[in-house]
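Residue 3 is where the sequence shown starts when you use the working numbering, and the numbers rise one by one after that.
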Amino acid sequence: MLLRFFLRGRPGGRPARSEGSAGPDEGRAAPPTWSIVTQYSIGPVRYIIYRGGDGLPRLSVEEPEPLGEDRLLEIATGLSRPKDEAEEYLVRKHRSGYGKLYPLIIDPHIEEISYSGFSSNVAIIHKLYPSRWMLTSVSLTPEEADGLAIELARRANKAVSIASPYAEGLTAEGHRVSVSFMAEVSRFGSTFVIRKYPQKPFTIADLLASKTIDVVAAAYLWVIEEAQGFIVVSGSMGSGKTTVLQSLLSLLPPYVKVVTIEDTPELVVVGPLWDSLVTRPRVPGQEVQEVTLEDLLRFALRRRADYVVVGEVRGREGRLLAQAAASGYGALTTIHSDSPSGVLMRLSMEPIKLPRLFLESVKAIVQLGRTPGLGGKAVRRVREIAEVIEYEAVPVFKEGSSSSPNDIAERSHQLSWAADKLGIADVKAELKERAKFLESLAGRSVEELRAELTKFYMSRYGDVV
3 MLLRFFLRGR PGGRPARSEG SAGPDEGRAA PPTWSIVTQY SIGPVRYIIY RGGDGLPRLS
63 VEEPEPLGED RLLEIATGLS RPKDEAEEYL VRKHRSGYGK LYPLIIDPHI EEISYSGFSS
123 NVAIIHKLYP SRWMLTSVSL TPEEADGLAI ELARRANKAV SIASPYAEGL TAEGHRVSVS
183 FMAEVSRFGS TFVIRKYPQK PFTIADLLAS KTIDVVAAAY LWVIEEAQGF IVVSGSMGSG
243 KTTVLQSLLS LLPPYVKVVT IEDTPELVVV GPLWDSLVTR PRVPGQEVQE VTLEDLLRFA
303 LRRRADYVVV GEVRGREGRL LAQAAASGYG ALTTIHSDSP SGVLMRLSME PIKLPRLFLE
363 SVKAIVQLGR TPGLGGKAVR RVREIAEVIE YEAVPVFKEG SSSSPNDIAE RSHQLSWAAD
423 KLGIADVKAE LKERAKFLES LAGRSVEELR AELTKFYMSR YGDVV
């Protein structure tokens, strides 16, 4: 009893847990038909998005009835075979180690999973509501949360304990996890966040199909990128910066070498010449040398890359990336800012402190934003694209304004630079042709996209490739 008291927290106990506005019993029965927004199934599991009594969207997960321990053991040890899809699912769930989180882990529509301890209900970010947390019918006891915190840390090759109560890392599946254990650093006991690794890389075809970007704006960025221009993708938290950066990488020629540098690997280059570098943090109490973004960027510049991509710039690595861009490397990155002019301000100030001379190495700034949509959903959009002219952010594209190839070509200063580098005679015709080509790719698979892009590049440069 005394041991349990010690483990569960300090005198005063943990604050009373909230069951969330969903209520402790909501989700155990099917939501009423009138409240359902959409529903779908993955194997024997049924997922229902509905509106709760307060109007907020929620996810109800309906799984098969659990197997008895004896039957589960029979199948798990190979003494018996599953008699149907439901039993196969329950055995996979048992073996996964994810416990109650398993149906959320296997759903490709779910991007992030969070448990804070204050509410017993697990929350998610769903692709239908990409910028809002949504409560689910999956609930955890404090003991279950403690066990999952230990298991998630283990999957990331880390350990949590009372002595070392938090950890973060990457699982073998590529999921990014952040865990705190019991009430040592979190008031409400064990907590965790799982950012799931996408099952397939997001491409420009997906970006166009979701209407996140205008097709002519995409053609413009493609020309700048192919000419090895420095592109910065800007936006707030959850605006889709990494998604847009990933999509731009899908347009690169198959014969260029790309080095990506990240704190946590999220980017995927669909091509054979990809080098992925990941930072290594300092570990308290261990003699392990820290490897920073700046260290890896210096290392990457000695590996004869055509393009250097930094997942996000926050410090001195931004200065080094700009110098690389000025030296002729293709460069892409993301940054937190709410406007193109804000990007220039962040690049100019500490800790990046980019000299004014290097500001103009930035060829294009892609500004993302979230627009309210139907049913309260927030829609991610490329709101603006700006060029850096005489240390000022000058718009070449704005959402809602005219964006024909002629308009963008007339506003842009950098397109003429790119055209000279790529040997393009008529920039307006080039934008029109590429926009038509990209339009034909909207919604296509990764394999189809790569095949069509390879044909495009070979038809253009086949005699020199």
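By construction, the Cβ of each residue, glycine as well, lies at the ideal position given by its N, Cα and C atoms.
{"Item": "Among V280, T245, T244, L253, nearest to V261 - alpha-carbon criterion", "Value": "V280"}
{"Item": "Ranges of the beta strand (DSSP E) found wholly within the segment 160-226, counting only runs of at least 3", "Value": "168-172, 178-182, 193-197"}
{"Item": "For R385 and L370, believed in contact at Cβ under 8 Å, the rounded distance", "Value": "6 Å"}
{"Item": "Spatially closest choice to I206 from V195, E65, A219, K457, by CA coordinates", "Value": "A219"}
{"Item": "Bridge partner(s) assigned by DSSP for R60", "Value": "Y52, L137"}
{"Item": "Within 7 Å, strictly: CB atoms of R452 and W224", "Value": "no"}
{"Item": "As assigned by DSSP and simplified to three states, the class of K243", "Value": "helix"}
{"Item": "C-alpha gap between S141 and N123, whole angstroms", "Value": "4 Å"}
{"Item": "Endpoints, alpha helix (DSSP H) assigned at A88", "Value": "87-98"}
{"Item": "Integer Cβ distance of R358 from T373, believed to fall under 8 Å", "Value": "Contact flag wrong, Cβ pair sits at about 34 Å."}
{"Item": "Cut-off 7 Å between Cβ atoms - residues of its own chain near Y199, not counting five sequence neighbours on either side", "Value": "E175, G176, H177"}
{"Item": "6 Å CB neighbourhood of E450 in its chain, flanking five on each side removed", "Value": "none"}
{"Item": "Bridge partner(s) assigned by DSSP for V396", "Value": "E389"}
{"Item": "Cα-Cα separation, S23 to Y91", "Value": "In this prediction, S23 has a pLDDT of 43, which is less than 50 and means its spatial position is unreliable; nothing more can be read from the coordinates."}
{"Item": "Rounded distance between the beta-carbons of I226 and I233, thought under 8 Å", "Value": "6 Å"}
{"Item": "K259 in three-state terms, based on DSSP", "Value": "coil"}
{"Item": "Proximity of E153 and G119 at Cβ, strictly below 7 Å", "Value": "no"}
{"Item": "Limits of the beta strand (DSSP E) - the one that E114 falls within", "Value": "112-117"}
{"Item": "Where R321 falls, given that 16 or more other Cβ within 10 Å makes a residue buried", "Value": "buried"}
{"Item": "Closest Cα partner of K355 within the set L323, I127, D148", "Value": "L323"}
{"Item": "Chain-order list of residues whose beta-carbon lies under 6 Å from that of K129 (same chain, five-residue window excluded)", "Value": "H111"}
{"Item": "S485 - DSSP class collapsed to helix/strand/coil", "Value": "Nothing can be reported for residue 485, as the shown portion of the chain is limited to 3 through 467."}
{"Item": "E392 to T336 span [Cα, whole Å]", "Value": "22 Å"}
{"Item": "Helix, strand or coil at Q291 [DSSP, three-state]", "Value": "coil"}
{"Item": "Cα-Cα separation between L69 and V47, rounded to whole angstroms", "Value": "15 Å"}
{"Item": "Residues near V448 in its chain [Cβ-Cβ closer than 7 Å; skip 5 each side]", "Value": "K202, P203, T205, V272"}
{"Item": "Buried or exposed by the 16-neighbour rule on C-beta atoms within 10 Å, applied to M136", "Value": "buried"}
{"Item": "Endpoints, the beta strand (DSSP E) within which A420 is located", "Value": "Here A420 belongs to no beta strand (DSSP E); instead the alpha helix (DSSP H) covers 416-424."}
{"Item": "Whole-Å CB distance - T138 paired with I126, under 8 Å assumed", "Value": "6 Å"}
{"Item": "Contacting residues, own chain, Cβ-Cβ under 6 Å from S343 (five flanking each side not counted)", "Value": "A395"}
{"Item": "CA-to-CA distance, Q230 to S363, given in whole angstroms", "Value": "11 Å"}
{"Item": "Rounded separation between D308 and K243 - CA only", "Value": "22 Å"}
{"Item": "Status (buried if at least 16 other CB within 10 Å, exposed otherwise) for L81", "Value": "exposed"}
{"Item": "Beta-carbon proximity check, A221 vs L440, cutoff 7 Å", "Value": "yes"}
{"Item": "For T373: DSSP bridge partner residues", "Value": "V381"}
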